[in-house]
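Here is the structure we will look at, set down as C-alpha coordinates.
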Amino acid sequence: MNRFSEILNRNCQPLAPIPTEQPAQLKELPEIRAVLFDVYGTLLVSGSGDVGTAMEMTKGDALEAAWEASGVQCKVPAEEMIARFYEVIQDDHKIATKRGTSYPEVVIEEIWEKVFDAPMRLGQVELPCDFDMKLFAWEFETRVNPVWPMPGFQEVLQWLHEQEYTLGIISNAQYFTPKIVETFLDSPLEEKGFRPENCFFSYEHRVAKPGTDLYQAAAQSLSDQGIEACHILYVGNDMLNDIQPASQIGMKTALFAGDRRSLRLRKDDARMLPIQPDVTLLRLSDILACLPR
217 MNRFSEILNR NCQPLAPIPT EQPAQLKELP EIRAVLFDVY GTLLVSGSGD
267 VGTAMEMTKG DALEAAWEAS GVQCKVPAEE MIARFYEVIQ DDHKIATKRG
317 TSYPEVVIEE IWEKVFDAPM RLGQVELPCD FDMKLFAWEF ETRVNPVWPM
367 PGFQEVLQWL HEQEYTLGII SNAQYFTPKI VETFLDSPLE EKGFRPENCF
417 FSYEHRVAKP GTDLYQAAAQ SLSDQGIEAC HILYVGNDML NDIQPASQIG
467 MKTALFAGDR RSLRLRKDDA RMLPIQPDVT LLRLSDILAC LPR
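As C-alpha coordinates, then:
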(Lines of atoms letter the chains of each structure in order from A; the text may use other names.)
(Lines give C-alpha, C1' and ligand atoms only; values in the text may rest on other atoms or scores of the structure.)
Protein backbone atom coordinates (compact mmCIF):
# COMPACT_ATOMS: atom_id res chain seq x y z
CA MET A 217 0.00 0.00 0.00
CA ASN A 218 1.46 3.41 -0.98
CA ARG A 219 1.50 6.37 1.41
CA PHE A 220 -1.35 8.11 -0.37
CA SER A 221 -3.67 5.11 0.01
CA GLU A 222 -2.53 4.59 3.59
CA ILE A 223 -3.52 8.17 4.49
CA LEU A 224 -6.87 7.77 2.73
CA ASN A 225 -7.65 4.52 4.52
CA ARG A 226 -6.57 5.91 7.88
CA ASN A 227 -8.51 9.17 7.77
CA CYS A 228 -11.61 8.42 5.66
CA GLN A 229 -14.40 6.19 6.89
CA PRO A 230 -17.64 5.13 5.14
CA LEU A 231 -20.00 8.03 4.54
CA ALA A 232 -23.60 7.55 3.44
CA PRO A 233 -25.42 10.21 1.41
CA ILE A 234 -28.18 12.14 3.20
CA PRO A 235 -31.40 12.01 1.14
CA THR A 236 -32.80 15.22 -0.26
CA GLU A 237 -36.39 16.28 -0.88
CA GLN A 238 -35.67 16.92 -4.54
CA PRO A 239 -37.85 14.79 -6.85
CA ALA A 240 -36.24 12.62 -9.49
CA GLN A 241 -36.89 13.64 -13.09
CA LEU A 242 -35.85 10.93 -15.51
CA LYS A 243 -36.26 10.55 -19.24
CA GLU A 244 -34.31 8.93 -22.03
CA LEU A 245 -31.67 11.14 -23.59
CA PRO A 246 -31.14 9.75 -27.09
CA GLU A 247 -27.87 10.06 -28.97
CA ILE A 248 -25.69 10.49 -25.86
CA ARG A 249 -22.22 9.17 -26.67
CA ALA A 250 -20.14 10.57 -23.80
CA VAL A 251 -20.72 11.00 -20.06
CA LEU A 252 -18.63 13.45 -18.04
CA PHE A 253 -18.76 13.69 -14.25
CA ASP A 254 -18.09 16.09 -11.43
CA VAL A 255 -16.28 14.39 -8.54
CA TYR A 256 -17.07 15.88 -5.11
CA GLY A 257 -20.71 15.44 -4.20
CA THR A 258 -21.39 13.43 -7.36
CA LEU A 259 -19.04 10.46 -7.71
CA LEU A 260 -17.93 10.85 -4.10
CA VAL A 261 -19.80 11.57 -0.90
CA SER A 262 -17.97 14.61 0.43
CA GLY A 263 -17.96 15.63 4.06
CA SER A 264 -17.85 19.26 2.96
CA GLY A 265 -19.67 19.01 -0.34
CA ASP A 266 -16.70 20.08 -2.47
CA VAL A 267 -12.93 20.13 -2.56
CA GLY A 268 -11.55 22.72 -0.20
CA THR A 269 -14.97 24.01 0.85
CA ALA A 270 -14.65 22.74 4.41
CA MET A 271 -11.41 24.62 4.83
CA GLU A 272 -13.45 27.67 5.75
CA MET A 273 -14.70 25.71 8.75
CA THR A 274 -11.40 24.11 9.70
CA LYS A 275 -10.28 24.20 13.32
CA GLY A 276 -6.68 24.23 14.43
CA ASP A 277 -6.87 20.68 15.70
CA ALA A 278 -7.15 19.37 12.12
CA LEU A 279 -3.93 21.15 11.21
CA GLU A 280 -2.22 19.99 14.39
CA ALA A 281 -3.18 16.41 13.60
CA ALA A 282 -1.75 16.78 10.09
CA TRP A 283 1.46 18.20 11.56
CA GLU A 284 1.79 15.26 13.92
CA ALA A 285 1.14 12.71 11.19
CA SER A 286 3.71 14.38 8.94
CA GLY A 287 6.39 14.91 11.59
CA VAL A 288 6.16 18.72 11.43
CA GLN A 289 7.36 20.72 14.42
CA CYS A 290 5.67 24.13 14.47
CA LYS A 291 5.85 26.84 17.14
CA VAL A 292 3.26 29.05 15.43
CA PRO A 293 -0.32 28.51 16.73
CA ALA A 294 -2.39 26.41 14.36
CA GLU A 295 -5.15 29.02 14.08
CA GLU A 296 -2.58 31.60 13.01
CA MET A 297 -1.28 29.27 10.32
CA ILE A 298 -4.84 28.61 9.13
CA ALA A 299 -5.46 32.35 8.86
CA ARG A 300 -2.27 32.69 6.84
CA PHE A 301 -3.41 29.82 4.63
CA TYR A 302 -6.55 31.75 3.66
CA GLU A 303 -4.57 34.93 3.12
CA VAL A 304 -2.19 33.22 0.71
CA ILE A 305 -5.09 31.74 -1.27
CA GLN A 306 -6.76 35.15 -1.49
CA ASP A 307 -3.50 36.76 -2.61
CA ASP A 308 -3.00 34.09 -5.24
CA HIS A 309 -6.56 34.66 -6.51
CA LYS A 310 -6.06 38.42 -6.67
CA ILE A 311 -2.91 38.05 -8.76
CA ALA A 312 -4.61 35.66 -11.17
CA THR A 313 -7.69 37.89 -11.42
CA LYS A 314 -5.53 40.88 -12.34
CA ARG A 315 -4.06 38.76 -15.12
CA GLY A 316 -7.55 38.19 -16.51
CA THR A 317 -8.62 34.88 -14.96
CA SER A 318 -12.26 35.17 -13.87
CA TYR A 319 -12.31 32.03 -11.71
CA PRO A 320 -8.72 31.21 -10.70
CA GLU A 321 -7.60 27.98 -9.06
CA VAL A 322 -4.67 27.44 -6.74
CA VAL A 323 -2.25 24.53 -6.54
CA ILE A 324 -2.59 23.50 -2.93
CA GLU A 325 0.98 22.31 -2.26
CA GLU A 326 2.28 25.64 -3.56
CA ILE A 327 -0.02 27.43 -1.12
CA TRP A 328 1.32 25.42 1.81
CA GLU A 329 4.90 26.10 0.72
CA LYS A 330 4.17 29.84 0.91
CA VAL A 331 2.47 29.42 4.30
CA PHE A 332 5.53 27.61 5.70
CA ASP A 333 8.10 29.89 4.09
CA ALA A 334 8.36 32.75 6.62
CA PRO A 335 8.05 30.57 9.77
CA MET A 336 10.78 28.27 8.43
CA ARG A 337 13.13 31.19 7.80
CA LEU A 338 12.45 32.35 11.39
CA GLY A 339 13.16 28.88 12.76
CA GLN A 340 9.56 28.40 13.87
CA VAL A 341 8.92 25.35 11.69
CA GLU A 342 11.03 22.22 11.30
CA LEU A 343 10.31 19.61 8.65
CA PRO A 344 11.53 16.00 8.69
CA CYS A 345 14.09 14.99 6.06
CA ASP A 346 11.55 12.86 4.19
CA PHE A 347 8.84 15.56 4.24
CA ASP A 348 6.54 15.64 1.20
CA MET A 349 4.39 18.76 0.84
CA LYS A 350 1.85 16.94 -1.33
CA LEU A 351 1.35 14.23 1.28
CA PHE A 352 1.07 16.85 4.01
CA ALA A 353 -1.64 18.64 1.99
CA TRP A 354 -3.39 15.29 1.66
CA GLU A 355 -3.14 14.63 5.42
CA PHE A 356 -4.87 17.97 6.00
CA GLU A 357 -7.51 17.51 3.29
CA THR A 358 -8.61 14.10 4.53
CA ARG A 359 -9.33 15.63 7.93
CA VAL A 360 -11.31 18.63 6.70
CA ASN A 361 -13.04 16.93 3.80
CA PRO A 362 -13.43 13.16 4.26
CA VAL A 363 -14.75 11.35 1.18
CA TRP A 364 -16.28 8.01 0.25
CA PRO A 365 -17.70 6.54 -2.96
CA MET A 366 -21.35 7.25 -3.70
CA PRO A 367 -23.55 4.14 -3.69
CA GLY A 368 -23.34 2.54 -7.13
CA PHE A 369 -20.02 4.26 -7.90
CA GLN A 370 -18.14 1.22 -9.20
CA GLU A 371 -21.14 -0.51 -10.76
CA VAL A 372 -22.33 2.50 -12.75
CA LEU A 373 -18.88 3.38 -14.06
CA GLN A 374 -18.25 -0.25 -14.99
CA TRP A 375 -21.57 -0.40 -16.88
CA LEU A 376 -20.80 2.79 -18.79
CA HIS A 377 -17.34 1.46 -19.66
CA GLU A 378 -18.75 -1.86 -20.86
CA GLN A 379 -21.35 -0.02 -22.96
CA GLU A 380 -18.42 1.83 -24.57
CA TYR A 381 -19.48 5.33 -23.59
CA THR A 382 -16.68 7.86 -23.76
CA LEU A 383 -16.03 8.88 -20.14
CA GLY A 384 -14.49 11.97 -18.63
CA ILE A 385 -14.28 14.29 -15.63
CA ILE A 386 -14.59 18.05 -15.18
CA SER A 387 -13.89 18.89 -11.54
CA ASN A 388 -12.67 21.57 -9.20
CA ALA A 389 -9.78 19.53 -7.93
CA GLN A 390 -6.27 19.19 -6.57
CA TYR A 391 -3.57 16.65 -7.41
CA PHE A 392 -5.10 14.14 -5.01
CA THR A 393 -8.55 14.16 -6.65
CA PRO A 394 -7.83 11.72 -9.51
CA LYS A 395 -5.83 9.59 -7.07
CA ILE A 396 -8.88 9.31 -4.79
CA VAL A 397 -11.07 8.16 -7.66
CA GLU A 398 -8.47 5.63 -8.79
CA THR A 399 -8.08 4.29 -5.25
CA PHE A 400 -11.81 3.73 -4.87
CA LEU A 401 -12.00 2.24 -8.37
CA ASP A 402 -9.04 0.01 -7.53
CA SER A 403 -7.82 0.79 -11.03
CA PRO A 404 -6.15 3.57 -13.03
CA LEU A 405 -8.71 5.95 -14.53
CA GLU A 406 -7.70 5.11 -18.08
CA GLU A 407 -8.39 1.41 -17.56
CA LYS A 408 -12.01 2.31 -16.73
CA GLY A 409 -12.43 4.41 -19.86
CA PHE A 410 -11.39 7.83 -18.48
CA ARG A 411 -8.76 8.81 -21.03
CA PRO A 412 -6.46 11.67 -19.95
CA GLU A 413 -7.59 13.92 -22.81
CA ASN A 414 -11.15 13.75 -21.45
CA CYS A 415 -10.34 14.60 -17.82
CA PHE A 416 -10.11 18.25 -16.80
CA PHE A 417 -9.00 19.10 -13.27
CA SER A 418 -8.96 22.74 -12.20
CA TYR A 419 -5.53 22.65 -10.55
CA GLU A 420 -3.90 21.55 -13.83
CA HIS A 421 -5.36 24.50 -15.75
CA ARG A 422 -5.39 26.98 -12.84
CA VAL A 423 -8.99 27.87 -13.62
CA ALA A 424 -12.09 26.74 -11.75
CA LYS A 425 -15.80 26.28 -12.14
CA PRO A 426 -18.25 28.00 -12.53
CA GLY A 427 -16.18 29.41 -15.36
CA THR A 428 -16.73 27.72 -18.71
CA ASP A 429 -13.03 27.24 -19.56
CA LEU A 430 -12.84 23.59 -18.49
CA TYR A 431 -16.14 22.80 -20.23
CA GLN A 432 -14.98 24.45 -23.45
CA ALA A 433 -11.73 22.49 -23.32
CA ALA A 434 -13.63 19.25 -22.77
CA ALA A 435 -16.05 19.99 -25.60
CA GLN A 436 -13.14 20.71 -27.95
CA SER A 437 -11.35 17.51 -26.97
CA LEU A 438 -14.45 15.43 -27.58
CA SER A 439 -15.20 17.28 -30.82
CA ASP A 440 -11.74 16.25 -32.02
CA GLN A 441 -12.87 12.68 -31.34
CA GLY A 442 -16.05 13.14 -33.37
CA ILE A 443 -18.42 13.76 -30.44
CA GLU A 444 -20.26 17.10 -30.47
CA ALA A 445 -21.40 18.85 -27.30
CA CYS A 446 -25.07 17.94 -27.83
CA HIS A 447 -24.09 14.26 -27.53
CA ILE A 448 -22.34 14.77 -24.16
CA LEU A 449 -24.09 14.31 -20.80
CA TYR A 450 -22.53 16.14 -17.88
CA VAL A 451 -23.44 14.96 -14.35
CA GLY A 452 -22.97 17.27 -11.36
CA ASN A 453 -24.50 18.32 -8.06
CA ASP A 454 -24.26 22.12 -8.35
CA MET A 455 -26.58 24.23 -10.50
CA LEU A 456 -24.05 27.08 -10.78
CA ASN A 457 -20.78 25.17 -11.03
CA ASP A 458 -22.02 22.21 -13.05
CA ILE A 459 -25.37 22.54 -14.78
CA GLN A 460 -25.16 26.15 -15.94
CA PRO A 461 -21.71 26.11 -17.62
CA ALA A 462 -22.26 22.69 -19.17
CA SER A 463 -25.59 23.89 -20.59
CA GLN A 464 -23.98 27.06 -21.92
CA ILE A 465 -21.49 24.95 -23.88
CA GLY A 466 -24.35 22.90 -25.35
CA MET A 467 -24.02 19.71 -23.30
CA LYS A 468 -26.99 17.81 -21.92
CA THR A 469 -27.05 17.93 -18.12
CA ALA A 470 -28.00 15.71 -15.19
CA LEU A 471 -28.34 17.24 -11.73
CA PHE A 472 -27.25 14.73 -9.09
CA ALA A 473 -29.53 15.44 -6.13
CA GLY A 474 -28.65 12.41 -4.04
CA ASP A 475 -26.95 14.02 -1.03
CA ARG A 476 -28.15 16.96 1.04
CA ARG A 477 -24.54 17.85 1.94
CA SER A 478 -23.59 18.65 -1.61
CA LEU A 479 -26.76 19.54 -3.51
CA ARG A 480 -26.45 23.19 -4.58
CA LEU A 481 -29.62 24.58 -6.17
CA ARG A 482 -28.42 28.22 -5.99
CA LYS A 483 -31.96 29.61 -6.25
CA ASP A 484 -30.96 32.97 -4.77
CA ASP A 485 -27.65 33.33 -6.62
CA ALA A 486 -27.71 36.34 -8.93
CA ARG A 487 -25.27 34.61 -11.27
CA MET A 488 -27.79 31.93 -12.16
CA LEU A 489 -29.41 32.00 -15.59
CA PRO A 490 -32.88 30.51 -16.22
CA ILE A 491 -31.39 27.08 -16.95
CA GLN A 492 -32.79 23.71 -15.89
CA PRO A 493 -31.13 20.28 -16.01
CA ASP A 494 -32.34 17.81 -18.60
CA VAL A 495 -32.73 15.14 -15.89
CA THR A 496 -32.45 14.98 -12.10
CA LEU A 497 -30.91 11.90 -10.48
CA LEU A 498 -31.36 10.77 -6.87
CA ARG A 499 -28.97 7.83 -7.27
CA LEU A 500 -26.04 7.34 -9.60
CA SER A 501 -27.79 4.28 -10.96
CA ASP A 502 -30.67 6.50 -12.19
CA ILE A 503 -28.42 7.46 -15.07
CA LEU A 504 -28.89 4.00 -16.55
CA ALA A 505 -32.56 4.77 -17.19
CA CYS A 506 -31.63 7.89 -19.14
CA LEU A 507 -29.08 6.50 -21.57
CA PRO A 508 -29.60 4.53 -24.78
CA ARG A 509 -28.26 1.00 -24.64
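Here the sequence shown is numbered in my numbering, starting from 217 and rising by one per residue.
Virtual Cβ for every residue (Gly too), placed ideally from N, Cα, C.
Bear in mind the structure is a predicted one, so any value in this text is a computation, not a measurement.
The continuous stretches of alpha helix (DSSP H) do not include N414, which lies in the beta strand (DSSP E) extending over residues 410 to 417. Annotation: P233 to V360 spans about 17 Å, alpha carbon to alpha carbon. Counting along the chain, the unbroken beta strand (DSSP E) around V261 starts and ends at 260 to 262.
Taking the CA atoms as reference points, K395 sits about 25 Å from T469. Around the Cβ of C345, a 10 Å sphere holds fewer than 16 other Cβ atoms; the residue is exposed. Residues of the same chain with a CB within less than 6 Å of the CB of F400, apart from the 5 flanking positions on each side, are P365 in chain order.
At the C-beta level, E321 and Y419 come within 8 Å of one another.
Under the DSSP definition of a beta bridge, G384 partners with L252. Of the other Cβ atoms in all chains shown, 16 or more fall within 10 Å of the Cβ of I503; this residue is therefore buried. By alpha-carbon distance to A299, the top candidate from K314, G316, F332 is F332. Cβ-Cβ separation between V495 and L231: approximately 25 Å, too far for a contact (criterion under 8 Å). Contact between the stretch 284 to 295 and the stretch 333 to 344 is established, with three or more Cβ pairs separated by less than 8 Å.
Burial state of A486 is exposed, judged by a 10 Å Cβ sphere holding fewer than 16 other Cβ atoms. For the 8 Å CB-CB criterion, Q340 and V292 form a contact.
With a 10 Å radius around the Cβ and a threshold of 16 neighbouring Cβ atoms, I311 comes out exposed. Here S318 is exposed: its Cβ has fewer than 16 other Cβ atoms, across all protein chains shown, within 10 Å. Straight-line measurement puts the Cα of Q492 at about 42 Å from the Cα of R219. Secondary structure note for V331: its alpha helix (DSSP H) is the uninterrupted segment 324 to 337. Given a length threshold of 4 residues, each whole run of the alpha helix (DSSP H) inside the stretch 345 to 409 is given here in chain order: 349 to 360, 369 to 378, 392 to 401. Residue P235 holds the alpha-carbon nearest to the alpha-carbon of P367 among P235, L507, L438, G316. With contacts defined by Cβ atoms closer than 8 Å, I465 and Q432 form a contacting pair. When Cβ pairs closer than 8 Å are counted between the two stretches, the stretch 443 to 451 is seen not to touch the stretch 400 to 412, the count staying below three. If you ignore the 5 residues before and after F253, its C-beta comes within less than 6 Å of the C-beta of L259, I385, V451, all in its own chain and listed in chain order. If you draw a straight line from the Cα of L471 to the Cα of M488, it is about 15 Å long. According to DSSP, V304 shares a beta bridge with no other residue. By the criterion of a C-beta distance shorter than 7 Å, L479 is surrounded in its chain by T236, Q238, N453, A473, once the five residues flanking it on both sides are discounted. Assignment of Y450 by DSSP, reduced to helix, strand and coil, places it in the strand class.
Within the DSSP secondary-structure output, L471 pairs in a beta bridge with G452, T496.
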